Amino acid sequence: MTRPDFDSDLPAAIGEALTEFLSDASESIGRTEPAFTGATDALREFVLGGGKRLRPTFAWWAWRGAGGAAAGDEATGVLRAVSSLELIQACALIHDDVLDSSDSRRGCPTVHVAFADEHARGGWLGSAEQYGLAAAVLIGDLALAWADDMFADAPLTADMLRRARPAWRAMRSEVLAGQFLDVRTQATGDASVDAALRIDLLKTAAYTVQRPLHLGAALAGAGDDVIDPLLAFGGDIGVAFQLRDDLLGVFGDPAVTGKPAGDDLREGKRTLLVALGLQHAGEASAAAGVITSALGDAELTDDAVDRVREVLTHVGAVAEVERRIETLTDSALTALGTAGLADPAPKRLTELAVKATQRSR
C-alpha cells in the first residue's frame with residue numbers, strides 16, 4: 013500500500029510527528045522522575061495546543077522545492093527534523109513571555125503565570141511569582157534541549173544531517189542574539205529605525221523564515237544557487253511578518269490575537285512602528301510625547317492605547333509600515349522567482365508569504 017504524501021495535510025503531519033516525539037520523551041524522563049511530569053505536560057500542551065507551524069512549513073517547502081520527495085522513508089525523516097523547529101519556537105515564546113512579563117498567550121495564561129498560580133493554590137513555601145518564573149525558564153530550556161534531540165535523532169543519513177547543521181546552528185544563535193538585542197534596546201531606549209530593523213532581521217526573519225528555508229534546502233542537497241535566493245526571500249518576508257506583528261501588537265483585536273491590546277507598548281518595545289512614529293512626529297512634539305510616555309508603562313489604560321493609535325495613524329507611521337510590508341513582499345517574491353524551485357513549492361511559498369504578511373493574528 014502506498015503511503016500518502018505529506019503535502020496533502022502538512023500541519024497534521026507535523027502535529028503527529030510532534031505528538032509522537034513529545035510522548036516518548038515525556039514518558040522516558042517521567043519514569044526517572046515522576047515529579048517532572050507537570051513540567052513535561054505543560055510543554056506538551058503548549059506545543060500541541062496551538063501555533064501556525066510556519067517554521068517547519070517553510071522548511072518543508074524548501075525541501076520539496078530543492079528536489080526532496082513528498083513521501084517515503086527519507087521524507088518521513090525530513091518531516092521529523094523540520095518539526096523540531098516548533099520546539100525552538102516553544103522555547104523562544106515561553107522565555108519571551110518571561111522577559112516581557114506577559115500574562116496571556118493564545119488566550120490562555122502564560123507558562124510562568126500558570127505555574128505561579130499552581131504555587132499559590134498549593135500554599136507552597138516562598139514566592140509564587142519566583143516559582144513561576146523559574147519553572148518557565150526551565151521548561152523553555154527543556155524545549156530547546158528536546159529540539160536538538162528531535163533534530164539529531166531524525167532517521168536521516170549522517171550526510172544529510174551534516175549538510176543541515178550550519179543552518180541549525182546559525183538559527184539558534186541568531187534568535188538568541190535577536191532576543192538579547194531586543195532586551196538591550198529596551199534598556200538603552202534606542203528608538204532608531206536601524207535598531208528596530210536589526211532586531212526584526214535577527215529575532216524574527218532569521219529563525220522564522222530564512223534558516224528554516226536554509227535547513228530544508230540543505231537537507232535536499234541544494235547549492236548556493238538555490239539557497240541564496242531563498243535567504244533573500246526569507247529575509248524580506250521575515251521582516252514583513254514582524255512588521256505585521258508590530259501593527260497587531262498595537263491595533264490587533266485581543267479576541268483574535270489572544271493577547272491584550274497595546275501589550276507591546278506596555279512592554280516598552282521599540283518596534284519599527286514606534287520608531288517611525290517618533291521620527292515622523294518630531295522629537296520635541298506633543299505627538300512624540302504621547303508615544304514615549306506610553307512606552308514601558310505597565311499600567312497603560314485602553315484609553316491611552318487609543319491615543320497612541322491615533323498619533324501613529326495621524327503622523328503616517330501606520331501607512332509607512334504598510335507600504336514597507338508591501339515593498340518587502342514584492343521584493344521577496346521576486347527573489348523567490350530566481351531560485352528555480354520545483355513545483356508545487358513556488359506556489360506554496362507564495363501562499364505562505366501572503367498569509368504571513370496579511371494575517372490578523
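Residues in the sequence shown are numbered consecutively from 13, following the numbering used here. Even glycine gets a Cβ: it sits at the ideal position worked out from N, Cα and C. The structure presented is a predicted model; accordingly, all values stated were derived computationally and were not measured.
Its Cα nearest to that of Y143, the residue V125 stands out among D160, W158, V125 and R174.
Secondary-structure assignment with DSSP links R117 through a beta bridge to C120. Within the same chain, Cβ atoms closer than 7 angstroms to the Cβ of T350 are found at P241, the five residues on either side in sequence being excluded. For P23, the enclosing alpha helix (DSSP H) starts and ends at L22 to T44. Three or more Cβ pairs closer than 8 angstroms define a contact, and the segment 68–88 meets that threshold against the segment 224–233. By the Cβ test, the segment 310–323 is in contact with the segment 268–276, since at least three Cβ pairs between them sit closer than 8 angstroms. A straight line joining the alpha-carbon of D257 with that of R335 spans about 15 angstroms. Under the three-state reduction of DSSP output, L307 falls in the coil class, being neither helix nor strand. Pairwise C-beta distances place the segment 126–145 out of contact with the segment 289–303, as fewer than three of them are shorter than 8 angstroms. DSSP places V323 within a helical segment (H, G or I) once states are collapsed to three. DSSP places A207 within a helical segment (H, G or I) once states are collapsed to three. DSSP, read as helix, strand or coil, puts L111 in helix. Under the DSSP assignment, R92 falls in the alpha helix (DSSP H) whose first and last residues are D85 to S95. Counting only runs of 3 or more residues that sit fully inside the segment 330–370, no beta strand (DSSP E) segment turns up. Across the set T31, K367 and Y219, the C-alpha of Y219 shows the shortest separation from the C-alpha of A104. Exposed is the label assigned to K359, since fewer than 16 other Cβ atoms lie within 10 Å of its Cβ. Cβ contact annotation for Q254 (same chain, cutoff 6 angstroms, sequence separation greater than five): D212 and T216, in chain order. If you look at D160, you'll find it in the alpha helix (DSSP H) that goes A140 to A164. Residues of the same chain with a CB within less than 7 angstroms of the CB of I41, apart from the 5 flanking positions on each side, are F48 and T52 in chain order. When rounded, the separation of the alpha-carbon atoms in E279 and E311 is 10 angstroms. Spanning the alpha carbons of V330 and S204 requires a straight line of approximately 16 angstroms.
With a cut-off of 8 angstroms on Cβ pairs, the segment 257–268 is not in contact with the segment 186–199, counting fewer than three such pairs.
If the five residues before and after R43 are omitted, its C-beta is found closer than 6 angstroms to no C-beta atom of its own chain. In this structure, A82 sits away from D21, with a CB-CB distance that is not shorter than 7 angstroms.
S139 counts as exposed, since fewer than 16 other C-beta atoms from the protein chains shown sit within 10 angstroms of its C-beta. Considering only R177, A54 and L145, the residue with the shortest C-alpha distance to L97 is R177.
The Cβ atoms of A252 and L340 lie closer than 7 angstroms to each other. In this structure, L55 places its C-beta atom within 7 angstroms of the C-beta atom of A155. Looking only at E86, K64 and R76, the smallest Cα-Cα distance to L99 is reached by K64. Just so you know, the alpha carbons of R174 and V268 end up roughly 41 angstroms apart.
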